[in-house]
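Novice: Here it is: the structure, laid out below.
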Amino acid sequence: MADKISPQDLKEFYTKGILAFEKKNYDYAIEIFSQILIYQHDHLEARHYLHLSLKNKAGAASSSSITKAINTASRILLMLPVEGMLKKGNVPAALEGLEKILVKNPNDTEVLKKIADVFYKNELVANALQNLEEAKAINSKDIEILKTLGDIYLKKEDYKNAKTNYEAALHIDPSNTDVLKSLKNLDALGTIQQEFKDQ
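First residue of the sequence shown: 0, per numbering that gives the first Met the number 0; consecutive thereafter.
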């Protein structure tokens, strides 16, 4: 377990990370943001800037089929201990393991979805949304990402974003029954709310 750190020290540490990021010293920024997440695994901004630093450091990712195959095999192997940590309820260690996988391929949407899932199951909805939005920015045609975003926004009563994500998913696959059902439920909810307003 990491030693405790004061909120003021954490804030100063975060500021140093931002300065390193702005100066494009991505290695140092990655080190700082990774350390912050050891102390506070749900630090929203630190995780966001860690992911940005990783992506900027990686630059344009190779899209060769060999690179993709290696990254997928690596993710599968490294995911095994993460699953074990999650079963034991060790969320901080599991998130740290997922971040280590992300270091190898910062554009791995499967890892971002897993991070989002871990946060969502631990009722850290803002963190879940942030990681799903990052995954969506990488692959805006992933129906699973769009549907999950729609579902979470719906639960947050952010109907506009829910509808936007459901409609984007339907644009990709107009016959997706799960998304069609979710969108109909959202529309029905909107109708009910309008009826209450009109009374």
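Every residue, glycine too, gets a C-beta built ideally from N, C-alpha and C.
Cα separation between ASN164 and ILE4?
Specialist: 39 Å
Novice: Would you grab the beta carbon distance between LEU179 and LEU169 for me? Rounded to a whole angstrom, and I think it's under 8 Å.
Specialist: 7 Å
Novice: Ignore the nearest five residues each way along the sequence and tell me which others in ASP186's own chain have a CB closer than 7 Å to its CB.
Specialist: Within the same chain, ASP186 has no close Cβ partners at all.
Novice: Roughly how many angstroms lie between the CA atoms of TYR25 and GLN129, to the nearest whole one?
Specialist: 20 Å
Novice: Thinking ILE114 and LEU97 are a contact (beta carbons under 8 Å), I'd like their distance in whole angstroms, please.
Specialist: Their Cβ separation, rounded to whole angstroms, is 5 Å, which keeps ILE114 and LEU97 in contact under 8 Å.
Novice: Taking the alpha helix (DSSP H) that LYS23 falls in, what are its first and last residues?
Specialist: That residue, LYS23, is in no alpha helix (DSSP H); it is neither H nor E in DSSP.
Novice: Mapping DSSP to helix, strand and coil, what is LEU179?
Specialist: helix
Novice: Are the beta-carbon atoms of ILE144 and ASN106 separated by less than 8 Å?
Specialist: no
Novice: Keeping to the same chain, check which residues put their C-beta closer than 6 Å to that of LEU77; ignore five residues upstream and five downstream.
Specialist: ILE100
Novice: Within the region 43-93, note down every full alpha helix (DSSP H) run reaching 4 residues or more, in order along the chain.
Specialist: 43-57 and 64-86
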